[in-house]
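Chemist:
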Amino acid sequence: MAEQNVATATTIKISPKSKEILIILAVLLGIIGVDRFYRGQAGLGVVKLLTFGGCGIWALIDYIMYIIGDLPNDSDGRVIVDKKTLALLQSKANIVDEFGQPVR
136 MAEQNVATAT TIKISPKSKE ILIILAVLLG IIGVDRFYRG QAGLGVVKLL
186 TFGGCGIWAL IDYIMYIIGD LPNDSDGRVI VDKKTLALLQ SKANIVDEFG
236 QPVR
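Residue 136 is where the sequence shown starts when you use the working numbering, and the numbers rise one by one after that.
(1) Give the range of the beta strand (DSSP E) segment to which S210 is assigned.
(2) Based on the DSSP secondary-structure assignment, which residues constitute the bridge partners of I167?
(3) D217 to S153, Cα distance in whole Å?
(4) Three-state secondary structure (DSSP) at I159?
(5) Please classify K183 as buried or exposed, where buried requires at least 16 neighbouring CB atoms within 10 angstroms.
(6) Can you list, in chain order, the residues of its chain whose CB lies under 8 Å from that of Y201, leaving out five sequence neighbours each side?
(7) For the ligand SAH, is there any heavy atom lying closer than 7 Å to the beta carbon of Q236?
Rendered as C-alpha coordinates:
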(Lines of atoms letter the chains of each structure in order from A and count residues from 1; the text may use other names and numbers.)
(Lines give C-alpha, C1' and ligand atoms only; values in the text may rest on other atoms or scores of the structure.)
Protein backbone atom coordinates (compact mmCIF):
# COMPACT_ATOMS: atom_id res chain seq x y z
CA MET A 1 0.00 0.00 0.00
CA ALA A 2 1.20 3.48 -0.81
CA GLU A 3 1.48 5.86 2.10
CA GLN A 4 -0.16 9.22 1.82
CA ASN A 5 1.34 12.42 3.14
CA VAL A 6 -1.49 14.25 4.79
CA ALA A 7 -0.84 17.83 5.82
CA THR A 8 -2.71 18.72 8.96
CA ALA A 9 -3.58 22.25 9.91
CA THR A 10 -1.68 23.44 12.94
CA THR A 11 -2.84 26.23 15.20
CA ILE A 12 -0.10 28.37 16.66
CA LYS A 13 -1.06 30.24 19.79
CA ILE A 14 0.73 33.59 20.14
CA SER A 15 1.41 34.92 23.61
CA PRO A 16 0.53 38.52 24.44
CA LYS A 17 4.02 38.79 25.93
CA SER A 18 6.84 40.35 23.94
CA LYS A 19 10.12 38.68 23.05
CA GLU A 20 11.84 42.08 23.12
CA ILE A 21 10.76 42.61 26.74
CA LEU A 22 11.85 39.06 27.57
CA ILE A 23 15.35 39.71 26.18
CA ILE A 24 15.65 43.03 28.05
CA LEU A 25 14.62 41.33 31.30
CA ALA A 26 17.11 38.52 30.68
CA VAL A 27 19.93 41.01 30.16
CA LEU A 28 19.14 43.32 33.06
CA LEU A 29 17.52 41.04 35.64
CA GLY A 30 18.13 37.49 34.42
CA ILE A 31 20.47 36.73 37.28
CA ILE A 32 17.53 37.02 39.69
CA GLY A 33 15.08 35.16 37.44
CA VAL A 34 12.77 37.98 36.39
CA ASP A 35 12.70 36.62 32.82
CA ARG A 36 11.33 33.30 34.10
CA PHE A 37 8.67 35.09 36.16
CA TYR A 38 7.71 37.06 33.01
CA ARG A 39 7.28 33.79 31.11
CA GLY A 40 4.96 32.57 33.87
CA GLN A 41 7.42 30.00 35.23
CA ALA A 42 7.35 31.06 38.88
CA GLY A 43 8.98 27.86 40.17
CA LEU A 44 11.99 28.20 37.88
CA GLY A 45 12.09 31.92 38.66
CA VAL A 46 12.43 31.20 42.37
CA VAL A 47 15.16 28.61 41.76
CA LYS A 48 17.00 31.03 39.49
CA LEU A 49 16.62 33.75 42.13
CA LEU A 50 17.98 31.57 44.94
CA THR A 51 20.96 30.37 42.87
CA PHE A 52 21.68 33.81 41.40
CA GLY A 53 21.03 32.50 37.91
CA GLY A 54 23.12 29.40 38.51
CA CYS A 55 26.03 31.68 39.41
CA GLY A 56 25.38 33.56 36.18
CA ILE A 57 25.70 30.54 33.90
CA TRP A 58 21.98 29.76 33.73
CA ALA A 59 21.21 33.45 33.15
CA LEU A 60 23.72 33.61 30.29
CA ILE A 61 22.39 30.42 28.69
CA ASP A 62 18.80 31.70 28.91
CA TYR A 63 19.83 34.97 27.27
CA ILE A 64 21.62 33.17 24.42
CA MET A 65 18.66 30.83 23.92
CA TYR A 66 16.26 33.77 23.69
CA ILE A 67 18.47 35.38 21.04
CA ILE A 68 19.40 32.43 18.80
CA GLY A 69 17.26 29.49 19.94
CA ASP A 70 13.72 28.43 19.20
CA LEU A 71 10.92 30.76 20.11
CA PRO A 72 10.27 30.57 23.85
CA ASN A 73 6.87 29.59 25.24
CA ASP A 74 4.96 31.08 28.13
CA SER A 75 3.41 29.02 30.93
CA ASP A 76 0.32 28.31 28.80
CA GLY A 77 2.39 26.94 25.90
CA ARG A 78 1.83 29.98 23.70
CA VAL A 79 4.76 31.17 21.58
CA ILE A 80 6.42 34.45 22.56
CA VAL A 81 7.35 36.28 19.36
CA ASP A 82 8.91 39.60 18.46
CA LYS A 83 7.13 42.33 16.50
CA LYS A 84 8.73 41.42 13.15
CA THR A 85 7.74 37.76 13.40
CA LEU A 86 4.20 38.71 14.39
CA ALA A 87 3.94 41.10 11.43
CA LEU A 88 5.18 38.35 9.09
CA LEU A 89 2.65 35.87 10.42
CA GLN A 90 -0.17 38.40 10.10
CA SER A 91 0.80 39.39 6.55
CA LYS A 92 -0.34 36.05 5.09
CA ALA A 93 2.64 36.22 2.73
CA ASN A 94 3.72 33.16 0.79
CA ILE A 95 6.63 31.87 2.86
CA VAL A 96 9.16 29.50 1.30
CA ASP A 97 12.08 27.57 2.78
CA GLU A 98 15.70 27.67 1.56
CA PHE A 99 14.80 25.28 -1.29
CA GLY A 100 11.89 27.36 -2.53
CA GLN A 101 9.26 24.98 -1.14
CA PRO A 102 6.22 26.60 0.47
CA VAL A 103 6.13 26.51 4.25
CA ARG A 104 2.75 25.48 5.61
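Yeah, the Cβ is synthetic: ideal placement off N, Cα and C, and Gly gets one too.
Modeler: According to the data block:
(1) No beta strand (DSSP E) contains S210, which DSSP labels as neither H nor E.
(2) I167 is not bridged to any residue.
(3) 6 Å
(4) helix
(5) buried
(6) K154, L157, I158, A161, D170, P207
(7) The ligand SAH is not among the ligands present in this structure, which contains no ligands whatsoever.
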